[in-house]
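Student: If you read the sequence shown in full-length UniProt numbering, its first letter stands for residue 1, the second for the next number, and so on. Below are the structure tokens for one structure; questions will follow.
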Amino acid sequence: MSNLVVADEAPGAARESRGAGRRRHKMSSRRKKEAFYFWLFISPWLIGFVGFLLGPMIASVYISLTEWDSFTAPEWVGLQNYTEALTEDPVFWKALWNTFYYAAVSVPLGLVIGVWLANLLNKRVRGRKLFRTFIYLPTLVPLVATAMVFKMVLAPSGPLNDMLGWFGIDGPSWLIDETWVKPALIVLSAWGAGGATVLLLSAMNGIPRELYEAAEIDGATPWRQFWSVTFPQITPVIFFNLIMGLIGAFQIFSQVYILTAGGPNNASKTMVPLLFDEAFRFYHFGYASAVAWLLFIVIMAFTLIAFRTSRKWVFYETEVR
1 MSNLVVADEA PGAARESRGA GRRRHKMSSR RKKEAFYFWL FISPWLIGFV
51 GFLLGPMIAS VYISLTEWDS FTAPEWVGLQ NYTEALTEDP VFWKALWNTF
101 YYAAVSVPLG LVIGVWLANL LNKRVRGRKL FRTFIYLPTL VPLVATAMVF
151 KMVLAPSGPL NDMLGWFGID GPSWLIDETW VKPALIVLSA WGAGGATVLL
201 LSAMNGIPRE LYEAAEIDGA TPWRQFWSVT FPQITPVIFF NLIMGLIGAF
251 QIFSQVYILT AGGPNNASKT MVPLLFDEAF RFYHFGYASA VAWLLFIVIM
301 AFTLIAFRTS RKWVFYETEV R
């Protein structure tokens, strides 16, 4: 009998609970006003996001499945643009290889230079604030201006080859030699290591001094202190610079476009200059959109690999209870 009573009362109790839940979640006039102002204040961002990011992304997916020259109506071709890029276009694979080469060398080199400079600037030496300023200044110069200066520096008769001549070295034709054009772009990328240096220096300044004192008591050398104390503490910042460096390296455009325009013989053509030429020189907007989405997939794949491998070498501070 008691079970029947409980069973009869359960639906009524459930209805009362749902009614109380509805009453409890009913928004007051104040909450409605706050919600209204919330959507009002973020509406410029929402409009910009939909109009300038989400909308163009959806449109580019559709365009990548069509053949379109921006003058006539798009013609649906399905996955033909992707198939052509992956199986029929040798320039695509050369640009992809050039991009891999550039990212594989420039990103680790930038991280090594950034850690080295940050470690030097973290020393208590006279004039270190001035040195920090000098290291960061190149990042404030517009990239176009930097590329134009490097175009003169890397000329066959430019200052760099003149300096190499002082040591009896016959400098190469950096920007017109297929062998040396990619190293020239990598040298230019190292010029902007000041941004990563500032972040790494900030991370080093946040390391507790007590850790170094304990290491000194244990007899650790400066080199051992760096690898056992400094490096593990700054790995989150190194990881951040790695992700941002990968994304930036795979999207390199201005340096290539200004210095070499992808030459000689496509030796320096990377993915973004390739899709730029296909879209705005040859008016193959559908093919260019397909190349852009293939590049997006490549960037996402390398980013995911970096995140998965970060569990083995990135150390985050944990709270001890």
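Note that beta-carbon positions come from the ideal geometry of N, C-alpha and C, so glycine has one too. Fair warning: this is a prediction, and the values are worked out from it, not measured in the lab.
1) Mind checking Met152: buried by the 16 CB within 10 Å criterion, or exposed?
2) From Asp89 to Val272, what does the alpha carbon distance come to, in whole angstroms?
3) Cβ atoms of Ala203 and Val113: under 9 Å apart, would you say?
4) Less than 9 Å between the C-beta atoms of Ser70 and Tyr283, yes or no?
5) Is the beta carbon of Phe302 less than 9 Å from the beta carbon of Phe250?
6) Using only alpha-carbon positions, find the residue among Leu111, Ile186, Arg126 and Trp191 that is nearest to Thr146.
7) Out of Ser173, Ile297, Arg281 and Thr66, which one is the CA nearest neighbour of Leu259?
8) Under 8 Å Cβ to Cβ from Phe276, same chain only, skipping five residues before and after it: list those, please.
9) Under the three-state reduction of DSSP, which class applies to Glu84: helix, strand or coil?
10) Nearest CA to the CA of Val229: which residue from Ile243, Ser106, Gly165 and Glu210?
11) Label Val149 either buried or exposed according to how many other C-beta atoms from any shown protein chain fall within 10 Å of its C-beta, with 16 as the threshold for buried.
12) Along the alpha helix (DSSP H) that carries Lys94, what are the first and last residues, could you check?
13) Is it buried or exposed, Phe41, if we count other Cβ atoms within 10 angstroms and call 16 or more buried?
14) According to DSSP, is Glu75 part of a helix, a strand, or is it coil?
15) If you draw a straight line from the alpha carbon of Leu109 to that of Ile238, how long is it in whole angstroms?
16) Grab me the residues of Ser310's own chain with a C-beta within less than 6 Å of its C-beta, minus the 5 sequence neighbours each way, in chain order.
17) Quick one: Cα of Leu188 to Cα of Arg31, how far?
18) Label Thr66 either buried or exposed according to how many other C-beta atoms from any shown protein chain fall within 10 Å of its C-beta, with 16 as the threshold for buried.
19) Can you check which of these residues, Gly248, Trp68 and Ser28, is closest to Leu143 by C-alpha distance?
20) How long is the line joining the alpha carbons of Arg128 and Ala290, rounded to whole angstroms?
21) Provide the residue span of the alpha helix (DSSP H) that contains Pro232, from first to last.
22) Thinking C-beta only, is Ser106 closer than 9 Å to Gly245?
23) DSSP on Thr66, reduced to helix/strand/coil?
24) If you follow the alpha helix (DSSP H) that Val50 is part of, which residue opens it and which one closes it?
25) For the alpha helix (DSSP H) containing Phe285, name the first residue and the last one.
26) So, for Leu154: in the same chain, excluding its five sequence neighbours on each side, which residues have a beta-carbon less than 7 Å away from its beta-carbon?
27) Can you tell me whether DSSP reads Thr139 as helix, strand or coil?
28) The alpha helix (DSSP H) with Asp277 in it runs from where to where?
29) Report the rounded CA-to-CA distance for Gln225 versus Gly195, giving the unit in angstroms.
30) In whole angstroms, give me the CA-to-CA distance for Thr99 and Lys33.
31) DSSP state of Arg124, grouped into three classes?
32) With distances taken Cα to Cα, identify the nearest neighbour of Phe296 among Gly206, Tyr136 and Ser60.
Tutor: Concretely, from the data shown:
1) If you number the sequence shown from 1, residue 152 lands on position 152. Exposed, since its Cβ has fewer than 16 Cβ neighbours within 10 Å.
2) The sequence position of residue 89 within the sequence shown is 89, counting from 1. The sequence position of residue 272 within the sequence shown is 272, counting from 1. Near 15 Å, if we compare the C-alpha coordinates of Val272 and Asp89.
3) Sequence index remark: in the sequence shown, residue 113 carries index 113 (1-based). Sequence index remark: in the sequence shown, residue 203 carries index 203 (1-based). This sequence places Ile at residue 113; Val is not what is there. Contact: no.
4) Position 70 of the sequence shown, counting from 1, holds the residue named residue 70. Position 283 of the sequence shown, counting from 1, holds the residue named residue 283. In this structure, Tyr283 lies closer than 9 Å to Ser70 by Cβ.
5) Along the sequence shown, read from residue 1 onward, the residue named residue 302 stands at position 302. Along the sequence shown, read from residue 1 onward, the residue named residue 250 stands at position 250. A contact, by the Cβ cut-off of 9 Å.
6) Here residue 146 refers to the residue found at position 146 of the sequence shown. Among Leu111, Ile186, Arg126 and Trp191, the Cα nearest to that of Thr146 belongs to Trp191.
7) Against the sequence shown, residue 259 aligns to sequence position 259. The shortest Cα separation from Leu259 among Ser173, Ile297, Arg281 and Thr66 belongs to Ser173.
8) Numbered from 1 along the sequence shown, position 276 holds the residue referred to as residue 276. Phe253, Tyr257 and Ala288.
9) Residue 84 sits at position 84 when you count from the first residue of the sequence shown. Glu84 falls in the helix class under three-state DSSP.
10) Within the sequence shown, residue 229 is the residue found at index 229, counting from 1. Checking every option, the nearest Cα to that of Val229 belongs to Glu210.
11) Locating residue 149 in the sequence shown gives position 149, where the first residue counts as 1. Classification for Val149: exposed.
12) Counted from its first residue, the sequence shown places residue 94 at position 94. Note, Lys94: alpha helix (DSSP H), Pro90 to Leu121.
13) For the purposes of this step, residue 41 is identified with residue 41 of the sequence shown, where counting begins at 1. It is exposed - the Cβ of Phe41 has fewer than 16 other Cβ atoms within 10 Å.
14) Taking the sequence shown and counting its residues from 1, one reaches residue 75 at position 75. Note: Glu75 maps to strand in three-state DSSP.
15) Here residue 109 is taken as the residue at index 109 of the sequence shown, counted from 1. Here residue 238 is taken as the residue at index 238 of the sequence shown, counted from 1. C-alpha separation (whole angstroms): 12 Å.
16) Taking the sequence shown and counting its residues from 1, one reaches residue 310 at position 310. For Ser310, where only same-chain residues beyond five positions count, the Cβ hits under 6 Å are Phe239.
17) Numbered from 1 along the sequence shown, position 188 holds the residue referred to as residue 188. Numbered from 1 along the sequence shown, position 31 holds the residue referred to as residue 31. Leu188 and Arg31: Cα-Cα distance of roughly 54 Å.
18) Along the sequence shown, read from residue 1 onward, the residue named residue 66 stands at position 66. Thr66 comes out buried.
19) Numbered from its first residue, the sequence shown carries residue 143 at position 143. Considering only alpha carbons, the answer is Gly248.
20) Taking the first residue of the sequence shown as 1, we reach residue 128 at position 128. Taking the first residue of the sequence shown as 1, we reach residue 290 at position 290. Going from the Cα of Arg128 to the Cα of Ala290 covers about 49 Å.
21) Within the sequence shown, numbered from 1, the residue matching residue 232 stands at position 232. Looking at the DSSP string, the run of the alpha helix (DSSP H) that includes Pro232 is Phe231 to Phe250.
22) Within the sequence shown, numbered from 1, the residue matching residue 245 stands at position 245. Within the sequence shown, numbered from 1, the residue matching residue 106 stands at position 106. Yes. Within cutoff.
23) Position 66 of the sequence shown, counting from 1, holds the residue named residue 66. The answer is strand: DSSP assigns Thr66 an E or B state.
24) Position 50 of the sequence shown, counted from the first residue, corresponds to residue 50. Per DSSP, Val50 belongs to no alpha helix (DSSP H) and is neither H nor E.
25) Locating residue 285 in the sequence shown gives position 285, where the first residue counts as 1. Phe285 -> alpha helix (DSSP H) spans Phe285 to Thr309.
26) For the purposes of this step, residue 154 is taken as the residue at position 154 of the sequence shown. So the list reads Leu160, Trp174, Leu175 and Ala184, once near-sequence residues are dropped.
27) Taking the sequence shown and counting its residues from 1, one reaches residue 139 at position 139. Helix, per DSSP.
28) Start at 1 with the first residue of the sequence shown, and residue 277 comes out as number 277. Here the alpha helix (DSSP H) through Asp277 covers Met271 to Phe280.
29) Position 225 of the sequence shown, counted from the first residue, corresponds to residue 225. Position 195 of the sequence shown, counted from the first residue, corresponds to residue 195. Distance between the alpha carbons of Gln225 and Gly195 is about 25 Å.
30) If you number the sequence shown from 1, residue 99 lands on position 99. If you number the sequence shown from 1, residue 33 lands on position 33. Straight-line Cα distance between these residues: approximately 51 Å.
31) By 1-based counting over the sequence shown, the position of residue 124 is 124. DSSP places Arg124 in coil when its eight states are reduced to three.
32) Along the sequence shown, read from residue 1 onward, the residue named residue 296 stands at position 296. The residue with the shortest Cα to Cα distance from Phe296 is Ser60.
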